[in-house]
Amino acid sequence: MDKIYGSRPPAIGWDFFQGPIIDSPGDTVKLPNGRIYPDKKELGATSFNKYYNGNPVYTDPSYDAAGALMVWNYLSGRQKDGTPWKNPLTGEVTTFLDTGDPVTGTGWLSTAESPPADIRMLTGTGPFTLAVGDTQRIVVGCVIGQGSDRLSSISVLRFYDQQAQQAYNSGFHIASPPPAPEVSVSELNRKVLLTWKKNAENFVSKYKFEGYNVYIGDSPGGPWKRLATFDVPNKLAVILEPSYDTNSGQILDLPAAYGNNLGLQYRYLVTKDYEKNALANGRAYYVAVTSYAYSATSIPKVLESSRTVLTVVPHRARPGTEYSNDAFQTVKIEHSAGDASPRNYEVWAEVVDPLRVKTANYKITINKDSTWTLWRNGTAVPGYTNHAVEDTIYKDITYQTLQGSPIDFFLGLTVNFNKKKLNTWEPELIKGDSSLINRLTSPYRLGIRKNDLAYDGQFKRGTKDSSLFMDDLQIRFTGVWDSTSRTVSSGGSMATLLFGFADPAFFIANHPANPNPGSRNPFLVRVPFEIWDIKTNTQLNAAFTDFSQKLSDSLFVPTWAPRGNCRVYVVASPYDEQVHNIGYTGQDTMATWTFIFKDSTIWKTGDIVQLNIPNPDTFPKPVVAGKDEFTFRLQGKTTGVLSNEKKRLDIINVFPNPYLGYNITENDLHQDHVTFINLPIKCTIRIFTISGQLIKTIKFDNPNSTTYNWYLQNEDNLPVASGFYIAYIDVPNVGQKILKMVIVLRQQRLKNL
Numbered sequence: 069m070d071k072i073y074g075s076r077p078p079a080i081g082w083d084f085f086q087g088p089i090i091d092s093p094g095d096t097v098k099l100p101n102g103r104i105y106p107d108k109k110e111l112g113a114t115s116f117n118k119y120y121n122g123n124p125v126y127t128d129p130s131y132d133a134a135g136a137l138m139v140w141n142y143l144s145g146r147q148k149d150g151t152p153w154k155n156p157l158t159g160e161v162t163t164f165l166d167t168g169d170p171v172t173g174t175g176w177l178s179t180a181e182s183p184p185a186d187i188r189m190l191t192g193t194g195p196f197t198l199a200v201g202d203t204q205r206i207v208v209g210c211v212i213g214q215g216s217d218r219l220s221s222i223s224v225l226r227f228y229d230q231q232a233q234q235a236y237n238s239g240f241h242i243a244s245p246p247p248a249p250e251v252s253v254s255e256l257n258r259k260v261l262l263t264w265k266k267n268a269e270n271f272v273s274k275y276k277f278e279g280y281n282v283y284i285g286d287s288p289g290g291p292w293k294r295l296a297t298f299d300v301p302n303k304l305a306v307i308l309e310p311s312y313d314t315n316s317g318q319i320l321d322l323p324a325a326y327g328n329n330l331g332l333q334y335r336y337l338v339t340k341d342y343e344k345n346a347l348a349n350g351r352a353y354y355v356a357v358t359s360y361a362y363s364a365t366s367i368p369k370v371l372e373s374s375r376t377v378l379t380v381v382p383h384r385a386r387p388g389t390e391y392s393n394d395a396f397q398t399v400k401i402e403h404s405a406g407d408a409s410p411r412n413y414e415v416w417a418e419v420v421d422p423l424r425v426k427t428a429n430y431k432i433t434i435n436k437d438s439t440w441t442l443w444r445n446g447t448a449v450p451g452y453t454n455h456a457v458e459d460t461i462y463k464d465i466t467y468q469t470l471q472g473s474p475i476d477f478f479l480g481l482t483v484n485f486n487k488k489k490l491n492t493w494e495p496e497l498i499k500g501d502s503s504l505i506n507r508l509t510s511p512y513r514l515g516i517r518k519n520d521l522a523y524d525g526q527f528k529r530g531t532k533d534s535s536l537f538m539d540d541l542q543i544r545f546t547g548v549w550d551s552t553s554r555t556v557s558s559g560g561s562m563a564t565l566l567f568g569f570a571d572p573a574f575f576i577a578n579h580p581a582n583p584n585p586g587s588r589n590p591f592l593v594r595v596p597f598e599i600w601d602i603k604t605n606t607q608l609n610a611a612f613t614d615f616s617q618k619l620s621d622s623l624f625v626p627t628w629a630p631r632g633n634c635r636v637y638v639v640a641s642p643y644d645e646q647v648h649n650i651g652y653t654g655q656d657t658m659a660t661w662t663f664i665f666k667d668s669t670i671w672k673t674g675d676i677v678q679l680n681i682p683n684p685d686t687f688p689k690p691v692v693a694g695k696d697e698f699t700f701r702l703q704g705k706t707t708g709v710l711s712n713e714k715k716r717l718d719i720i721n722v723f724p725n726p727y728l729g730y731n732i733t734e735n736d737l738h739q740d741h742v743t744f745i746n747l748p749i750k751c752t753i754r755i756f757t758i759s760g761q762l763i764k765t766i767k768f769d770n771p772n773s774t775t776y777n778w779y780l781q782n783e784d785n786l787p788v789a790s791g792f793y794i795a796y797i798d799v800p801n802v803g804q805k806i807l808k809m810v811i812v813l814r815q816q817r818l819k820n821l
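According to my numbering, the residues represented by the sequence shown are 69 to 821, in order.
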């Protein structure tokens, strides 16, 4: 047991960070300063020896010429008389003594041959020639490590030595950690809200930004507990690397980062202290937010920014001040315009920071590119415009647009849509825009989002007005076939035949009814049915494509192909026997429902097919850009509420009361104090003895705090005596509050008088 270090004596070692340079053809020396020496090599340690007084083998060198020769032999890795050393376990000649590992107890150890003694050690490097005027630079580092006992201290020493050597080899160009994020604090009732910027994510290094850690400390100097980690969602999660384990005293693979791949966030609501107790108003707490970065090929793998300690004091709102919202309170949002059904959107907002909420009317509008814009009192809010609907505002906001705001990315509010893209109705089609076909998969929808392909592979221009969809339709087969070519000779209706991308034989171009032979432009042909809107008793127009009909098909019909796998599109306009081009080249955008005539479809004149929607109100009407709007109103803080101020007089208080020689917020034995809490901006505190003598007057005027520490001193800055006291608190134009206090001071032991 060591008298100073007890059971944890540290280990000390020396390392030749840079040894002498000698001639060595074919080798090259590269120094940390960038200089290169061809045909040279650098020597490290070449010998290790020991000696101690009175030992016949490991003899102390004498102070004469013979002693100088002994030192030379020791430096050369030999015995005092020049005889080579031999490893007693292997018999090999060596210049290094005691090469075993004391941590594992293996190899050649000094403990096997001698008891502990006053032993000196000598580490040598050489030989090398140093002529007159020559320079050799030799750098030696002294490294110390302390573990849980004498052996684990050696492991810690080796670990630190590895890092020290790496630092020297890099010329001490050690990678810097990412900067600490810029944190804003909002002190709430028994809560503290932390929000921070993205500045740490922009640093340039071989280390890549990975995430944030939130800490709470037991004091400004720690110890610290990690409250939360928010990291980049990738393959990394918990990152392990060799570190000193305080419990075992060993170097173990321990977590250096506690990622969870749940994504980055820029806010955290602190509700518990270091001991996991609920926060108390008026008490100081210590918090910090750090950033960390990762490099798989570096030592260490993880670099974390230093902790910028923030002292925070949760408190109620000042007397006379009211906040209409709480942190993370959900805001009620009204769908104030448009016909979109709720199943096609999910929009919500929550108050993040009630202290920064502004009283205003808010509106959310949807843009044609499936982004959204937030408006406040009729003006677009900077930073809340044109954000993709699948991202939350706090995730994708760019801070450059909001510099100068006291809390850049919120305005006290966050808005979010569900992860699914909004089903917005297509904007005007741009002819030749091939990007419109990207990720289009639906064979059944018409006009939802970008122009979806119809089943026949051709663009169809659907309506943007969901109100045009009919609740109930009838397909009335009123057509009469002729007796020769199966042409619809009478009845039915005229419908627009459209070109389809799947037309394999230019069917439409060579159609006998085509008024412009060879052209693929739409034209009217007679079909054997009529389409009616039952609710309004209105006949509607129709268009169709013949998906699989070929001229060579023996079932070819010049007008309507009952076995041609036809796709029929209902056009929401009164029947008028005009061409309704809803195809790629057309302008008519009134197409609504689509139905398909399969090869097996058989009908006869007089048949009626009715299509009904049992619950029309549940029809999934999508959000329409420029029509659907969502609105809500937020109420910011209200000040000067006299009734509230009088009511809040009741919560003005002092703690601890009684004061029994200790306050949990005291960091120094000479900082005895009690704390007045929930104070208004201005008030006067007068302290009286139980006999009515005024001993202290405090003029409180602080718009940034609701607390005041009285350090138990009178007007002459002398400590008050233990006893009973009365605090008379006068709030101008509001009223007074009287508090009774008991103070019992600690016993004082003065060293000097």
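Built from N, CA and C at the ideal position, the CB exists for glycine as well.
If the five residues before and after Thr-531 are omitted, its C-beta is found closer than 7 Å to the C-beta atoms of Gly-515, Ala-640, Thr-657, Met-658, Ala-659, Thr-660, all from its own chain and listed in chain order. Here Thr-179 carries a helix assignment [DSSP, helix/strand/coil]. The shortest C-alpha to C-alpha distance from Ser-374 to any of Val-211, Ala-361, Gln-542, Phe-298 is the one to Ala-361.
For Phe-768, the enclosing beta strand (DSSP E) has its first and last residue at 762–769.
If you draw a straight line from the Cα of Glu-372 to the Cα of Asn-270, it comes to about 15 Å. Under DSSP, no beta-bridge partner is assigned to Trp-661. Per DSSP, the beta-bridge partners of Lys-154 are Val-161. The beta-carbon distance between Leu-566 and Phe-597, rounded to whole angstroms, is 17 Å. This is too long to meet the 8 Å contact definition. By a beta-carbon distance limit of 8 Å, Val-272 does not contact Trp-264. Their separation comes to about 20 Å. Taking C-beta separations shorter than 8 Å and ignoring five residues to either side along the sequence, the partners of Leu-762 in its chain run Arg-754, Ile-755, Phe-756, following chain order.
Annotation for Leu-225: no beta strand (DSSP E) segment contains it, though the alpha helix (DSSP H) segment containing it runs 218–237. Taking Lys-154 as the centre and dropping the five residues before and after it, the same chain places the C-beta of Glu-160, Val-161, Thr-162 closer than 8 Å to its C-beta, in chain order. Partner residues in the beta bridge of Tyr-354, as assigned by DSSP, are Gly-285, Thr-379. Shown here, Trp-140 sits in a helix according to DSSP, grouped into three states.
Tyr-637 has Ala-611, Thr-662 as its beta-bridge partners, per DSSP. At the C-beta level, Lys-431 and Thr-699 come within 8 Å of one another.
In the three-state DSSP reduction, Arg-103 falls in the coil class, being neither helix nor strand.
Going by beta carbons, Glu-255 and Val-380 fall inside the 8 Å limit. Sorting Trp-140, Arg-226, Val-125 by C-alpha distance to the C-alpha of Asp-132 places Trp-140 at the top.
The three-state reading of DSSP puts Ala-268 in helix, counting H, G and I together. By the Cβ rule, the region 554–561 counts as touching the region 588–595, because three or more pairs are nearer than 8 Å. Looking at the backbone, the Cα of Arg-635 and that of Val-677 are separated by about 16 Å. The C-alpha of His-403 lies about 49 Å from the C-alpha of Phe-723. The DSSP assignment places complete beta strand (DSSP E) segments of no fewer than 3 residues inside the region 282–341 at 292–299, 306–312, 319–326, 335–338, in order along the chain.
Note on Asp-614: 16 or more other CB atoms within 10 angstroms of its CB, so buried under the neighbour-count rule. DSSP, reduced to helix, strand and coil, places Leu-423 within a helical segment of the structure shown. The closest CA to that of Asn-123, considering only Val-171, Arg-188, Tyr-73, is found on Arg-188. Cα atoms of Ile-599 and Asn-609: separation of roughly 7 Å, rounded to the nearest angstrom. When C-alpha distances from Val-370 are compared across Ile-434, Asp-299, Gly-350, Leu-165, the shortest belongs to Asp-299.
If you look at Gln-678, you'll find it in the beta strand (DSSP E) that goes 676–680. When secondary structure is reduced to three states using DSSP, Arg-716 falls in the helix class.
It is roughly 35 Å from the alpha-carbon of Gln-739 to the alpha-carbon of Arg-76. Checking the DSSP bridge columns, you'll see His-741 has no partner listed.
Tyr-73 counts as exposed, since fewer than 16 other beta carbons sit within 10 angstroms of its beta carbon.
If you compare the alpha carbons of Tyr-119, Arg-258, Pro-170 with that of Arg-226, the shortest gap goes to Pro-170.
Annotation for Asn-801: no residue places its beta carbon closer than 7 Å to its own, counting only its chain and skipping 5 residues before and after.
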